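The sequence shown begins at 6 in this note's numbering and counts up by one.
Here's the structure we're looking at; comments come further down.
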Amino acid sequence: MILLAAASFISASPAAQAHPGTGIVVDREGRVYFTDLRRVWRWEPVGRLTAVVTGKHSHALRLDPEGRLEGEHLFYDPGAMRWWTSSWRLEDDGSVRETARAEEGFPFLFTPAVASDGTRYYARVDNNRRDVSEIYRRIPGGGIELLAGGAYGYADGVGRQARFGPIGALAVGPKGDLYLTDEVSVRKVAPSGRVETITRGAPLKPSLFARFSEGRFGKMMGLAVDARGNVFAANFGAGCVVRVTPGGRVTRVLRSEDGWSPSGVTLRGGDLYVLEWKGGGSVRVRRVSCAGTVSTLAVVRDGRPAKPSQD
């Protein structure tokens with residue numbers, strides 16, 4: 006299985022369960038976009054919840070410099086037994102435009118991690134054979150180059166000396182460094198290719214139940230970085246969102262309950278927005294205000310909007 010643009014952990018078998026999506030973003034108007042892997046939803050501050058993109062199997066989302074929503078579409082051809090990937094953009098008039106035609110496999114078509122100078126970052130990971138885990142970047146006007154990684158594993162270092170495992174998501178920090186989740190680690194990659202681990206191990210380990218019930222899905226997933234370099238990460242396996250300081254201190258900022266687990270996070274105006282998943286394909290969005298107040302904004306069950314519960 007190949008992961009590109011931190012988009013997905015999909016088994017080569019079409020019957021296998023899909024990895025939960027990490028895609029959640031908030032635009033300038035405070036509207037929240039999130040994925041349930043069958044469609045992309047938009048929640049508006051007035052409380053309206055609408056499916057704005059349908060028929061797209063999108064794991065990751067991002068906003069382009071003009072504030073338009075972008076995503077990837079992953080699909081399987083059972084006849085040829087092959088995976089294909091394309092990318093799309095939601096236009097201002099509500100139409101969905103294909104921005105890159107489908108290519109076989111998991112090509113470098115889409116990435117949610119883009120630096121302020123336009124540099125794009127991609128992850129290439131094979132979690133089935135466990136033989137490769139690499140990070141690439143594309144500089145505006147240039148080609149794609151390997152930034153760090155190589156064989157599957159774990160090691161800090163520079164460039165090809167570094168080793169990664171099952172990368173969960175990528176995000177660019179305020180100083181241009183790249184941050185990522187990697188199994189039970191939060192790590193940072195400098196523009197020079199130097200990789201260092203911010204924190205690893207006990208504070209991020211999944212619960213014993215998750216290790217058996219979720220398998221390789223029960224690990225760290227989406228993340229976001231604030232202006233001070235604090236990392237907010239969705240610890241899917243432990244059922245919580247954690248904040249990791251630049252010095253490696255880990256604190257829990259949100260606990261998921263009643264079978265929910267966080268898979269994606271984003272920041273806006275000092276508030277934290279969390280995408281949570283539950284068995285049966287249900288998803289919901291919760292907001293943690295800068296004052297620490299938790300509220301449920303949107304719930305989707307069986308592809309239909311549901312009434313949010315009171316927190």
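From the three backbone atoms N, C-alpha and C, an ideal C-beta is built for every residue, glycine too.
Nothing here was measured: the structure is a model prediction, and the numbers come from that model.
Can you name, in chain order, every residue of its own chain whose Cβ lies under 7 Å from the Cβ of residue i, other than the five neighbours on each side?
i: residue 159; result: 168, 170
i: residue 150; result: 141, 142
i: residue 80; result: 62, 89
Which of helix, strand or coil does DSSP assign to residue i?
i: residue 164; result: helix
i: residue 114; result: coil
i: residue 179; result: coil
i: residue 209; result: helix
i: residue 78; result: strand
i: residue 287; result: strand
i: residue 233; result: coil
i: residue 312; result: coil
i: residue 319; result: In the structure as shown, the chain begins at 6 and stops at 316. Residue 319 is therefore absent and cannot be evaluated.
i: residue 300; result: strand
i: residue 189; result: coil
i: residue 266; result: strand
i: residue 273; result: strand
i: residue 56; result: strand
i: residue 241; result: coil
i: residue 155; result: strand
i: residue 228; result: strand
i: residue 140; result: strand
i: residue 91; result: strand
i: residue 253; result: coil
What's the call for residue i, buried or exposed, on a 16-neighbour Cβ count within 10 Å?
i: residue 245; result: buried
i: residue 100; result: exposed
i: residue 144; result: exposed
i: residue 90; result: buried
i: residue 51; result: exposed
i: residue 225; result: buried
i: residue 206; result: exposed
i: residue 173; result: buried
i: residue 187; result: buried
i: residue 261; result: buried
i: residue 198; result: buried
i: residue 112; result: buried
i: residue 121; result: exposed
i: residue 40; result: buried
i: residue 176; result: buried
i: residue 128; result: buried
i: residue 314; result: exposed
i: residue 115; result: buried
State yes or no: is the C-beta of residue i within less than 8 Å of the C-beta of residue j?
i: residue 42; j: residue 26; result: yes
i: residue 29; j: residue 202; result: no
i: residue 164; j: residue 227; result: no
i: residue 31; j: residue 76; result: no
i: residue 278; j: residue 57; result: no
i: residue 162; j: residue 200; result: yes
i: residue 93; j: residue 302; result: no
i: residue 1; j: residue 178; result: The structure shown does not extend to residue 1, since the chain is modelled only from 6 to 316, so the question has no answer here.
i: residue 264; j: residue 284; result: yes
i: residue 281; j: residue 273; result: no
i: residue 336; j: residue 110; result: Only positions 6 to 316 of the chain appear in the structure, and residue 336 is not among them; the question remains open.
Can you list, in chain order, the residues of its chain whose CB lies under 6 Å from that of residue i, leaving out five sequence neighbours each side?
i: residue 257; result: 245, 247
i: residue 217; result: Since pLDDT at residue 217 reaches only 43, below the 50 mark, its modelled position is unreliable, and no value is offered.
i: residue 117; result: 65, 67
i: residue 154; result: 138, 139, 140, 167, 169
i: residue 96; result: 102
i: residue 69; result: 75
i: residue 119; result: 125
i: residue 275; result: 295
i: residue 310; result: 54
i: residue 252; result: none
Under 8 Å Cβ to Cβ from residue i, same chain only, skipping five residues before and after it: list those, please.
i: residue 259; result: 245, 246, 267, 277, 279, 291, 293, 299
i: residue 191; result: 184, 185, 202, 203, 204, 205, 209, 225, 228, 236, 238, 249
i: residue 72; result: 32, 33
i: residue 312; result: 304
i: residue 220; result: Only weak support exists for where residue 220 lies, its pLDDT of 43 falling under 50; the coordinates are left without a value.
i: residue 340; result: It is not possible to answer for residue 340, since the shown part of the chain is limited to 6 through 316.
i: residue 156; result: 136, 137, 138, 168
message: Assess contact between the region 128 to 136 and the region 97 to 108, defined as three or more Cβ pairs (one per stretch) separated by less than 8 Å. Is contact present?
response: Because the criterion of three Cβ pairs below 8 Å is not met, the region 128 to 136 and the region 97 to 108 do not touch.
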